[in-house]
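The structure appears right after this line, and notes come after that.
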Amino acid sequence: NAGVTQTPKFRVLKTGQSMTLLCAQDMNHEYMYWYRQDPGMGLRLIHYSVGEGTTAKGEVPDGYNVSRLKKQNFLLGLESAAPSQTSVYFCATRQGGGPYNEQFFGPGTRLTVL
Amino acid sequence: AQSVTQLGSHVSVSEGALVLLRCNYSSSVPPYLFWYVQYPNQGLQLLLKYTTGATLVKGINGFEAEFKKSETSFHLTKPSAHMSDAAEYFCAVGNAGGTSYGKLTFGQGTILTVHP
Numbered sequence: 001n002a003g004v005t006q007t008p009k010f011r012v013l014k015t016g017q018s019m020t021l022l023c024a025q026d027m028n029h030e031y032m033y034w035y036r037q038d039p040g041m042g043l044r045l046i047h048y049s050v051g052e053g054t055t056a057k058g059e060v061p062d063g064y065n066v067s068r069l070k071k072q073n074f075l076l077g078l079e080s081a082a083p084s085q086t087s088v089y090f091c092a093t094r095q096g097g098g099p100y101n102e103q104f105f106g107p108g109t110r111l112t113v114l
Numbered sequence: 001a002q003s004v005t006q007l008g009s010h011v012s013v014s015e016g017a018l019v020l021l022r023c024n025y026s027s028s029v030p031p032y033l034f035w036y037v038q039y040p041n042q043g044l045q046l047l048l049k050y051t052t053g054a055t056l057v058k059g060i061n062g063f064e065a066e067f068k069k070s071e072t073s074f075h076l077t078k079p080s081a082h083m084s085d086a087a088e089y090f091c092a093v094g095n096a097g098g099t100s101y102g103k104l105t106f107g108q109g110t111i112l113t114v115h116p
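Structure representation (structure tokens):
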């Protein structure tokens, strides 16, 4: 089992370019999350999904869009990248049920916007 | 709203010394508390979690944490540090109510350095 995978691992964009980050899971989990990690700020939730075909905004959603057309995939899009979006992006999944269930994290995508 | 504060962004210990990483939380409902570890260039992995029941929770790699409701704390400890413990550690609270149900709120992280 691969668990949670993220594509790509690294990416450099110029301001104004667009890109899509892919998160894939083979754990059959209902919940999926996108976080960004910045030094000294921990992880902040961008968007999340509670099931196929659903998405919702997290703490810092501006400048990002998401889609969950298939249960196993959760896509994060940047329509017009800005230097403030330079960060490390993590995807996570969680089994259904209560908040006591842990989240499982992917290895991350390091994005630099010039 | 729930929040988590980790006291000390950097902690440095000698190999074999006690490790103590501090975490305080704010929650209006009984919390679910987690400690995650992140090794360099990797994702986060669960060390341990508190849900209900016993307040002293044991995790992987010899770590444990004690839930103290009166102090709103969930400090992480390990009796004897190993070089392989060098990593960044995150405390998190699982939201158990309202529109934030099931989401995690993370602390700022503590980088642990272990000296030989």
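Chains A and B are the protein sequences, given in the same order.
Each residue of the first sequence is one higher than the last, beginning at 1 in the numbering used here.
Each residue of the second sequence is one higher than the last, beginning at 1 in the numbering used here.
Glycine is no exception: its CB is placed at the ideal position from the N, C-alpha and C atoms.
Integer Cβ distance of residue i from residue j, believed to fall under 8 Å
i, j, result
"Leu-21 of chain A", "Val-113 of chain A", "Not confirmed; about 13 Å, so no contact."
"Tyr-48 of chain A", "Lys-103 of chain B", "7 Å"
"Val-88 of chain A", "Gly-106 of chain A", "In fact, because the Cβ distance is near 11 Å, the residues do not count as touching under 8 Å."
"Glu-102 of chain A", "Lys-49 of chain B", "6 Å"
"Gly-109 of chain B", "Gln-6 of chain B", "6 Å"
Residue i classed as buried or exposed, judged by whether at least 16 other C-beta atoms fall within 10 angstroms
i, result
"Ser-28 of chain B", "exposed"
"Glu-71 of chain B", "exposed"
"Thr-135 of chain B", "Since the first and last residues shown for chain B are 1 and 116, residue 135 of chain B lies out of range."
"Tyr-36 of chain B", "buried"
"Pro-31 of chain B", "buried"
"Gln-85 of chain A", "buried"
"Asp-85 of chain B", "buried"
Residue(s) in a DSSP beta bridge with residue i
i, result
"Leu-78 of chain A", "A:Met-19"
"Arg-44 of chain A", "A:Arg-36"
"Glu-15 of chain B", "Bridge partners of Glu-15 of chain B: none, in fact."
"Ile-60 of chain B", "BP columns for Ile-60 of chain B are empty, so no partner."
"Arg-11 of chain A", "A:Leu-111"
"Glu-66 of chain B", "B:Leu-56, B:His-75"
"Arg-22 of chain B", "B:Leu-7"
"Tyr-89 of chain A", "A:Arg-36, A:Thr-109"
"Gly-94 of chain B", "B:Tyr-32, B:Leu-104"
"Val-66 of chain A", "A:Leu-76"
"Ser-49 of chain A", "A:Met-32"
"Gln-38 of chain B", "B:Leu-44, B:Glu-88"
"Val-114 of chain B", "B:Val-13"
Minimum Cβ-Cβ distance from residue i to chain A less than 8 Å
i, result
"Tyr-25 of chain B", "no"
"Leu-46 of chain B", "yes"
"Ser-73 of chain B", "no"
"Gln-2 of chain B", "no"
"Phe-34 of chain B", "yes"
"Gly-53 of chain B", "no"
"Gly-59 of chain B", "no"
"Gly-43 of chain B", "yes"
"Lys-69 of chain B", "no"
Min CB distance residue i to chain B below 8 Å
i, result
"Phe-90 of chain A", "yes"
"Gln-103 of chain A", "yes"
"Gly-108 of chain A", "yes"
"Pro-61 of chain A", "no"
"Arg-94 of chain A", "yes"
Closer than 8 Å at the beta carbon, the chain D residues around residue i
i, result
"Ser-9 of chain B", "Looking at the structure shown, chain D is missing, and the protein chains on hand are A and B."
Next on the checklist: Beta carbons nearer than 7 Å to chain A: which residues of the region 100-114 of chain B have them?
Outcome noted: Tyr-101, Gly-102, Lys-103, Leu-104, Phe-106, Gly-107, Gln-108, Gly-109
Item to check | Residues within the region 85-96 of chain B neighbouring chain A, beta-carbon criterion of under 7 Å | outcome: Phe-90, Gly-94, Asn-95, Ala-96
Checklist entry - Of the residues that make up the region 30-49 of chain A, which ones have a beta carbon closer than 9 Å to any beta carbon in chain B? => result Tyr-31, Tyr-33, Tyr-35, Gln-37, Pro-39, Gly-40, Met-41, Gly-42, Leu-43, Arg-44, Leu-45, Tyr-48
Checklist entry - Name the residues in the region 64-81 of chain A whose C-beta lies less than 7 Å from a C-beta of chain B; which are they? => result none
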